[in-house]
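One structure below.
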Amino acid sequence: MDSFEWNKVFMGGLASALLVMMIMWGTEELFHVEMAEAVAYPIEVPEAASASTQDVVEQGPSLAELLADATVEKGQRLFKKCSQCHSIEEGGANGTGPNLWNTVGEDVADNAAFPYSSVMAGLEGNWTFEQLDAFLTKPTSWLRGTKMSFAGLKKPADRAAIIKYLWVNGDQSDSLPQPPQTVAGLEAE
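Structure follows, in structure tokens:
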């Protein structure tokens, strides 16, 4: 390349840089926004408590209160989602999932005729109301490695209705948990 060619390349780069600078300057002049020196409308926010986020617990009705308010009819309607994989009748057949007759209060993975996942089969103890509530919230989070692909029930009232329906469809050896008495309930006694 001769010097004339190099001059053309250099001038092209210089002209491009100048054009970009002019566009930036022009847009700044057209759309310039001046920042306010003081906040025009200050919003006062009370200082947050010094509790950590782990100490903050979402308050709501207890599981016992939800179970007391739950209806078997609603549980039966909601169980239709479950019935795609589970049966609930006493002596009913297993489907993709085990028969759920007499689940509440019974051993976890106690249906000898059903091939549970290794993690479910490895669980010990009985299905308590609280365990069922936690499991039905999101089965794959509560029990990593479970074969149950159900996404879970977000609403606590829906979980309580299903749990009550499961409880009614069993020998009911465990009684429903009693809601804590309120102050008004104590005064009435």
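My numbering puts the first residue of the sequence shown at 1, with every later residue one more than the last.
Cβ atoms here follow ideal geometry from the backbone N, Cα and C, with glycine treated the same way.
Item                                                                                                                    : Value
Test: E124 CB closer than 8 Å to a CB of chain C                                                                        : This model lacks chain C altogether, as it is built from one protein chain only.
Coil, strand or helix - N126 by DSSP                                                                                    : strand
Cut-off 7 Å between Cβ atoms - residues of its own chain near L63, not counting five sequence neighbours on either side : F129, E130, D133, A160, P177
Coarse secondary structure for D69, derived from DSSP in three states                                                   : helix
Paired residues, beta bridge with D107 - DSSP                                                                           : N126
Cβ-based burial, T53 [other Cβ within 10 Å; buried from 16]                                                             : For T53, the predicted model reports a pLDDT of 47, less than 50, meaning its position is unreliable and no value from the coordinates is stated.
Residue of H86, R144, C82 minimising C-alpha distance to D158                                                           : C82
Local Cβ density within 10 Å of T103, reported as buried at 16 or more and exposed below that                           : buried
As assigned by DSSP and simplified to three states, the class of R159                                                   : helix
C-beta contact flag for W127 and N169 at 8 Å                                                                            : no
Simplified DSSP state of T53, which is helix, strand or coil                                                            : With a pLDDT of only 47 at T53, under the threshold of 50, the placement of this residue in the model should not be trusted; the figure read from the coordinates follows. Note: T53 maps to coil in three-state DSSP.
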